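As numbered in the numbering used here, the sequence shown has no gaps in its residue numbers, which increase by one up to the final residue, 222.
Beta carbons are placed, not taken as given, at the ideal position from N, Cα and C, and that holds for glycine.
Here the structure is a predicted model, which means the values were calculated and not measured.
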Amino acid sequence: MTQTPDLYRRIYARFQAPVSRYDCGRKCAPLNGGTPVCCDTNNAIPIVDKSEWQFLQSRSDLWHLYLKRDPDTLHERKDMHRDCRLVECKGVQHCERENRSMSCRAFPFFPYLTAQDEFIGLAPFWDFADRCWLMNNMQVVDRDFVTEFVAGYEMLFDADKKEREANFDHSAVMRRVFTRWNRLIPLIGRDGEHMAVEPRTHRLRKADWREYVRHDQFKDEKPARP
Ligand code: SF4
Ligand code: SF4
-3 MTQTPDLYRR IYARFQAPVS RYDCGRKCAP LNGGTPVCCD TNNAIPIVDK SEWQFLQSRS
57 DLWHLYLKRD PDTLHERKDM HRDCRLVECK GVQHCERENR SMSCRAFPFF PYLTAQDEFI
117 GLAPFWDFAD RCWLMNNMQV VDRDFVTEFV AGYEMLFDAD KKEREANFDH SAVMRRVFTR
177 WNRLIPLIGR DGEHMAVEPR THRLRKADWR EYVRHDQFKD EKPARP
């Protein structure tokens, strides 16, 4: 089975819950000139599969292809699968919740897979830890979001094993980076529980969210109420 626009129709219908009850865009925007960090293509350019792109185009004119050819974009394109597209929305003032891409819905998390290829939960895109408020307050992540995230990615993985492989590889990179830093990998398990992967042994265990390292940018700020 492969990806189709209809697959994305079904995934979007299943995966709609907000990541948290906090409006986290208001928390990080002051660090990024007034725009939420993950809605700014200067920080991250959304990548969509060809089928997702077709589906989005059939629903809305919110999105257009991202065609700038600066060195960062060219580098991004070089590593991208030929079925993928770099895209950009009209901006946060024009956001349409129902037409957010899969990457908008999932951010700041990706599906974490163990070395045994088991999809055990959600891990943060650690490159954004210096700017993403939510990543430094993982205790606020909503249980419904976790359930819908897992269901959405299960549907995607069932349809396309390359998606699973890409996340398997990204999880392996995370283990290497965190081993080098000698730091726990913070995880949210499939049932919303807080977990951690030990840096050297990669042993998985239950964790308290207070164990998660906060970036210097946020460490003096009072943690948000769970
Ligand atoms: S997920 Fe992170 S980067 Fe995106 S709006 Fe929330 S705090 Fe900002
Ligand atoms: S569609 Fe909405 S959530 Fe996604 S990048 Fe645009 S403004 Fe942000």
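Any heavy atom of ligand 2 within less than 5 Å of a residue's beta carbon puts that residue on the list, which reads C35, C85, V88, C91, R96, C100.
Under DSSP, R81 shares a beta bridge with V44. Within the same chain, Cβ atoms closer than 8 Å to the Cβ of F141 are found at A13, P14, V15, S16, the five residues on either side in sequence being excluded. Inclusion of V33 and F124 in the CB contact set at 8 Å is warranted, their separation being smaller than that value.
With the criterion CB distance below 5 Å from any heavy atom of ligand 1, the matching residues run C20, G21, C24, P32, V33, C34, P104, C128, W129, L130 along the chain. For P182, there is no enclosing alpha helix (DSSP H); the enclosing beta strand (DSSP E) has its first and last residue at 181 to 185. Excluding sequence positions up to five before and after F115, its CB lies within less than 6 Å of the CB of P107, L109, all in the same chain and listed in chain order. Secondary structure of R22 (DSSP, three-state): helix. Your pair F51 and P1 checks out as a contact, with CB atoms roughly 4 Å apart and the cut at 8 Å.
Counting C-beta pairs closer than 8 Å gives fewer than three between the stretch 21 to 30 and the stretch 156 to 170, which falls short of the contact rule.
Out of G148, R96, F153, H60, the CA that lies nearest to the CA of R81 is found in H60. DSSP places V193 inside the beta strand (DSSP E), whose first and last residues are 190 to 193. The criterion of a C-beta distance shorter than 8 Å is not satisfied by R55 and M151. In this structure, the beta-carbon distance from D45 to Q(-1) falls below 8 Å. Counted as a single uninterrupted DSSP element, the beta strand (DSSP E) harbouring K202 occupies residues 200 to 202.
One alpha carbon belongs to V146, the other to G117, and they sit about 7 Å apart.
Within 10 angstroms of the beta-carbon of A111 lie fewer than 16 other beta-carbons, which makes it exposed. The beta-carbon separation of M134 and Y208, rounded to 6 Å, stays under the 8 Å limit for a contact. The Cβ atoms of A192 and R206 lie no closer than 8 Å to each other. A direct Cα-to-Cα measurement between G29 and C91 gives close to 18 Å.
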